[in-house]
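The structure appears right after this line, and notes come after that.
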Amino acid sequence: MDKFLTFTVIGLSTSAIYAVISSGLVLTYTTTGVFNFAHGAQGMIAAFAYWQLRFAWGWPAPLALATVLLVLAPLFGALLERVIMRGLADASEAVRLVVSISLLVGLIGLAQVIWPPGESRPMSTFFAGRQIRVWSTAVTAHQLITFACALAVAVGLRLLLHRTRIGVSMRAIVDDRPLLLLNGARTDRVALLSWAIGASLAALGGILIAPAIALDAPSLSLLIVNAYAAAIFGRLRSIPLTFVGAIVIGLTEAYLFGYLPTGNTALAGLRLAAPAILLFVVLLVLPNRRLRTGVRSRERFPCPTRAGALLFSGSVFVAGIVMATTMSRPDLVTYGKVFSFGIIALSLVPLVGYAGQISLCQLSFAGIGAVVMAHVGGASGSPLGLVLAAVVAAAVGALVALPALRLSGIYLALATAAFAVALDRWVFNLPAVRIGPLRLRLFDLGSVDVAPLRLFGYRFDSPRAQMLLAAGAFALLALGVSAVRRGRLGRRLLAMRDSEAACATFGMDLVRTRLAVFTLSAAIAGVGGAIYATQLSSITPGNFDLVSGLPIFMLVVVGGAGMVGGALFAGIGLQGLLPALARLSSLLARWQTIAPALAGLGLGRNPSGAASDVTVALAPLRRDAPVLGAMLAAMGLLWAGRLAGAFGGWPFLAGLVVALAVAAAVAQHRAGAVGAVGAVDAVDAAGPAPAAAAATATVPAPAPVPAAPPATAAPPVPALEWMGITQPWTADAVAALDRVLGLPEEGVRGGAAHG
Amino acid sequence: MTAGRPDRPPLLELRGVRAGYGEVEVLHGVDLVVPERCLFALLGPNGAGKTTTLSVIAGLHRATDGDVVLAGRRVNGATADQLARRGLCLVPEGRGIFPNLTVRENLLMATHTGSPIADVEARTFARFPRLRDRRGQLAGTLSGGEQQMLAMARGLATDPALLLLDELSMGLAPILVEELYGLVAEVAAEGVSIVVVEQFARMVLGVADRAALMVRGRVEAQGGPAEIEGALSGAYLGQ
């Protein structure tokens with residue numbers, strides 16, 4: 001009985017902290033629609049700041065507390081709202097998520113720069129040593145303070161949200177922001193206040209919980225997964241239910257801690273993973289949401305042509321060959337991972353880019369692929385390992401997809417994050433698992449060696465061979481992913497992203513489509529993980545945890561999730577640029593965890609990502625054969641020079657970049673001259689005033705239009721959805737639409753003549 | 756009654772206002788004059804740009820060209836909340852209420868323009884006694900007519916200088932619409948300037964002092980209700 005009481009008190013005090021943190025989360029989510037993944041990280045920063053003031057500089061506790069809770073945290077929250085979050089009002093869910101995840105990663109990085117990990121930073125509880133007795137158990141003063149704080153927060157929030165005008169305005173914003181503006185409310189002040197309060201609550205939670213666990217940036221930030229689970233109990237809306245959720249989770253954790261047998265290693269990790277598993281379960285029992293109808297998104301991704309996809313993959317492979325032949329051995333080891341990370345990032349393209357689903361556990365799938373490669377591939381590096389890596393990862397992907405069939409947006413992101421946490425805190429740390437006759441080995445409680453792949457008797461054991469293997473695999477898979485986009489599945493995925501409800505009314509099987517995309521994506525990630533593992537040659541669970549996986553998601557979205565180029569961007573960014581920068585200067589090395597976060601934070605500007613910009617910029621070059629040829633010749637010469645040892649790696653790289661930039665600029669200039677003439681021709685041909693364009697937009701043009709102008713003078717073709725809107729509607733536009741829709745051209749031309 | 760005093764500028768004037776969504780221009784130069792103390796009907800078929808015009812006036816949507824002039828002052832670029840606090844009140848299309856707030860909390864939101872809550876409540880409940888019984892109820896659970904009353908209550912209780920009503924009739928029973936327009940006429944008689952947007956024109960022309968007809972993003976005709984009535988069928992049938 002004593003033991004039970006003791007653990008109840010411990011559990012309730014944890015609950016109280018979770019309640020404080022998650023109510024802040026709910027507050028910012030309901031009032032601004034941004035699910036703040038960095039909420040916990042804000043609490044973490046606050047805990048560090050408090051430690052700095054109270055223990056490093058020896059300020060008295062009340063002064064330090066007041067400074068952090070009433071000045072620093074609210075200021076920081078307000079700053080976030082003003083600088084970052086305000087621009088996200090009409091961004092898509094993936095973009096909002098990327099921004100707040102970037103903030104999470106950035107804050108962890110920042111904390112590690114300011115307070116380097118590895119030092120001990122003891123933080124004592126409030127009124128250490130004081131306690132009172134309740135029946136047969138002791139309740140410490142710190143615990144009492146925690147309870148009091150939770151109670152004060154509950155009452156305070158209730159009063160704020162229901163009794164004050166600004167509080168009611170916070171709730172009104174959720175319902176209808178423009179209407180609140182029409183009411184004359186200063187909505188930016190309302191948002192500012194809710195972010196300030198949210199940040200203060202995060203800070204309070206962080207300071208209260210920090211003495212119980214070590215002052216460590218990642219673990220404090222991810223503690224938040226537990227608070228997220230509580231918030232999901234209240235469906236991110238109800239603060240009372242959030243408190244109930246916090247109590248359930250806090251008690252579960254405490255009782256697991258108290259009553260699970262300690263000797264069993266299998267169960268040890270379960271304690272850590274319990275909140276994540278609870279989160280997953282709660283998401284499962286959430287009531288079915290309505291099917292989404294159309295969403296308006298700012299992102300636009302062109303559909304890759306077959307030639308474009310071949311050109312992309314070909315260039316990537318050639319780049320791989322050039323890198324493999326010119327780099328030193330340590331460089332090969334470092335930069336070879338560009339391609340294997342690229343493959344893992346590629347797995348997000350169909351999922352996030354095409355289908356609009358969010359997954360934060362791709363690196364976990366990669367981890368599964370890596371483990372399979374290690375054990376099935378064995379010492380001989382059998383290719384069966386690679387195949388099974390894809391198959392097993394796909395199977396697990398399908399398993400994760402099952403709950404995902406009912407979830408989307410932020411809930412799906414949380415479910416996949418919970419899955420990733422459950423894997424890296426628990427499953428990956430298990431010893432071999434026996435299921436009947438099957439004995440599954442994982443990371444063998446530490447690290448596992450992975451043998452290089454052997455294919456048709458050739459062993460990919462040198463870094464050079466491995467880089468070529470990874471580049472080749474990336475090129476092939478990129479071709480495949482582009483083919484998916486052009487094919488039936490791709491059209492279904494895009495349709496599903498645009499409007500689930502419309503798809504359902506067309507009789508499309510949403511369940512199968514989602515299952516398909518999750519399975520495909522997990523399989524790609526599995527292959528990527530297997531190849532990554534052979535490059536690492538020894539893998540640990542730490543290579544595949546949630547925090548390492550987040551930057552991949554961020555950079556794919558920054559690069560442009562709807563295009564395979566976005567995946568390459570992520571690979572180059574994480575495994576190419578960052579190590580290169582780190583080598584240039586040791587100062588940059590310390591900041592390198594923050595760099596991807598900055599990229600993510602800049603996303604609000606251009607939600608379609610960098611890859612689409614690059615594609616647009618390079619389009620004239622692709623069409624301009626003479627310039628393209630000249631550029632390739634110049635690059636070939638540079639390569640020959642490098643192989644002959646005429647100059648080093650950096651001048652070579654600079655030369656390549658200059659060649660590309662000059663060629664792109666020249667092609668742009670030439671295309672500009674030709675394109676302008678073409679546009680004038682088109683206007684002349686179309687004849688009547690522009691106003692007629694709007695009138696004819698709804699009806700296919702009956703007016704006879706001269707035959708297509710010669711290919712050299714083709715007018716710039718507008719994006720598909722703007723056909724007939726930004727330019728007069730012509731027979732060419734009809735033909736272009738027919739081609740895209742896959743309709744027989746003549747048949748519909750006849751129809752147009754009818755109209 | 757139809758025209759304001761000659762020595763003062765009209766209450767609202769649009770001069771060559773253009774606006775659009777993305778690359779699609781919806782208003783191709785709208786000119787409109789609304790005198791003081793006037794019930795003005797803005798009519799036109801579906802897609803004519805009436806709602807966009809109101810959004811531009813209220814500051815929710817930015818004009819790409821032209822001037823929006825309120826009582827002689829150019830207000831392009833003013834935000835919706837600034838205009839609202841200066842006495843412009845738009846009741847948007849389709850129930851301008853907060854469904855997850857109670858009736859009382861909805862009224863509390865109307866006080867952002869400066870009227871005390873007691874005043875707002877007293878005036879609202881005097882006009883719509885039905886809402887008094889539903890004070891504590893979530894606005895989203897009211898009937899359609901009650902929701903529209905609540906939406907209008909903001910316009911009536913806060914003493915705006917200019918009231919903009921967008922499609923009051925949407926989705927409501929004819930008898931209720933008649934009742935609401937009776938109320939609009941009453942308020943206009945008290946001296947509030949009102950712009951009413953309606954797709955169903957005949958209903959409004961009966962109460963309006965002046966009217967304008969919009970077709971495809973332009974004002975085709977402006978004048979007394981009788982003049983506009985003659986132009987209606989042509990515009991609606993696209994001739």
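Protein chains in written order, with our numbering: chain A, 1 to 755; chain B, 756 to 994.
Where is the CB? At the ideal position from N, CA and C, for every residue including glycine.
With DSSP run on the structure shown, which of helix, strand or coil describes residue i?
i: residue 974(B); result: strand
i: residue 355(A); result: coil
i: residue 554(A); result: helix
i: residue 823(B); result: strand
i: residue 889(B); result: coil
i: residue 828(B); result: strand
i: residue 503(A); result: helix
i: residue 420(A); result: helix
i: residue 815(B); result: coil
i: residue 795(B); result: strand
i: residue 336(A); result: coil
Report the partner residues of residue i according to the DSSP bridge assignment.
i: residue 458(A); result: 455(A)
i: residue 539(A); result: 448(A)
i: residue 786(B); result: Answer is none; residue 786(B) lacks a bridge partner.
i: residue 948(B); result: 917(B)
i: residue 440(A); result: 433(A)
i: residue 133(A); result: 138(A)
i: residue 780(B); result: 775(B)
Cα separation between residue i and residue j?
i: residue 639(A); j: residue 646(A); result: 10 Å
i: residue 775(B); j: residue 19(A); result: 46 Å
i: residue 407(A); j: residue 283(A); result: 8 Å
i: residue 740(A); j: residue 977(B); result: 45 Å
i: residue 907(B); j: residue 815(B); result: 19 Å
i: residue 115(A); j: residue 583(A); result: 22 Å
i: residue 763(A); j: residue 13(A); result: Examination of residue 763(A) is not possible in this model, given that chain A is present from 1 through 755 alone.
i: residue 24(A); j: residue 787(B); result: 48 Å
i: residue 731(A); j: residue 779(B); result: 21 Å
i: residue 888(B); j: residue 837(B); result: 33 Å
i: residue 655(A); j: residue 328(A); result: 18 Å
i: residue 161(A); j: residue 168(A); result: 5 Å
i: residue 99(A); j: residue 414(A); result: 15 Å
i: residue 230(A); j: residue 41(A); result: 17 Å
i: residue 880(B); j: residue 871(B); result: 15 Å
i: residue 199(A); j: residue 73(A); result: 5 Å
i: residue 80(A); j: residue 195(A); result: 8 Å
i: residue 242(A); j: residue 235(A); result: 8 Å
i: residue 108(A); j: residue 102(A); result: 10 Å
i: residue 840(B); j: residue 410(A); result: 36 Å
If we cut at 7 Å on Cβ distances, does residue i have a partner in chain C?
i: residue 165(A); result: Here the protein chains are A and B, and chain C is not one of them.
### Contact set between the segment 97 to 108 of chain A and chain B, restricted to residues whose Cβ is under 8 Å from the partner
none
### Query
Going along the segment 858 to 882 of chain B in order, which residues come within less than 9 Å of chain A, judged by CB to CB distance?
860, 861, 863, 864, 865, 866, 867, 868, 869 and 872
### Task
Report the residues of the segment 168 to 200 of chain A with a CB closer than 8 Å to any CB of chain B, ordered along the chain.
Residues of the segment 168 to 200 of chain A that bring their beta carbon within less than 8 Å of a beta carbon in chain B comprise 168, 169, 171, 172, 174, 175, 176, 178, 179, 180, 181, 182, 183, 184, 185, 186 and 187, in sequence order.
### Contact the segment 304 to 323 of chain A vs the segment 465 to 483 of chain A: 3+ CB pairs below 8 Å
Flag = yes, the segment 304 to 323 of chain A and the segment 465 to 483 of chain A touch.
### Task
Take every Cβ of the segment 859 to 866 of chain B, pair it with every Cβ of the segment 814 to 828 of chain B, and state whether three or more of those distances are shorter than 8 Å.
no
### Message
With a threshold of 8 Å, are at least 3 pairs of Cβ atoms found where one atom belongs to the segment 369 to 381 of chain A and the other to the segment 443 to 451 of chain A?
### Response
Counting Cβ pairs under 8 Å, three or more are found: they touch.
#### Entry: the segment 525 to 544 of chain A touching the segment 357 to 365 of chain A, judged by at least three CB pairs closer than 8 Å
yes
### Query
Is there contact here, the segment 346 to 361 of chain A with the segment 560 to 568 of chain A, by at least three beta-carbon pairs under 8 Å?
yes
### Task
Below 9 Å between beta carbons is the criterion; list the residues of the segment 844 to 855 of chain B that meet it against any residue of chain A, in chain order.
844, 845, 846, 847, 851, 852, 853, 854 and 855
### Query
Is the segment 476 to 496 of chain A touching the segment 387 to 403 of chain A, taking contact as three or more C-beta pairs under 8 Å?
no
### Message
By the 8 Å beta-carbon criterion, what residues does the segment 883 to 899 of chain B contribute toward chain A?
### Response
none
### Message
Below 8 Å, how does it come out for the segment 936 to 954 of chain B and the segment 906 to 920 of chain B: are there three or more Cβ pairs, yes or no?
### Response
yes
### Query
Can you list, in chain order, the residues of the segment 821 to 840 of chain B whose Cβ is nearer than 9 Å to any Cβ on chain A?
834, 835, 836, 837, 838, 839 and 840
### Task
Check distances from the C-beta atoms of the segment 808 to 821 of chain B to those of chain A and list, in chain order, the residues that come in under 7 Å.
813 and 815
### Query
Going along the chain, which residues of the segment 902 to 916 of chain B sit with their C-beta nearer than 8 Å to a C-beta in chain A?
909
### Message
Taking contact to mean 3 or more Cβ pairs, one atom from each stretch, closer than 8 Å, check whether the segment 846 to 855 of chain B and the segment 825 to 835 of chain B are in contact.
### Response
At 8 Å Cβ cutoff, the stretches do not touch.
### Message
Taking 8 Å as the cut-off, does the segment 526 to 544 of chain A touch the segment 387 to 396 of chain A (at least 3 CB pairs, one atom from each stretch)?
### Response
yes
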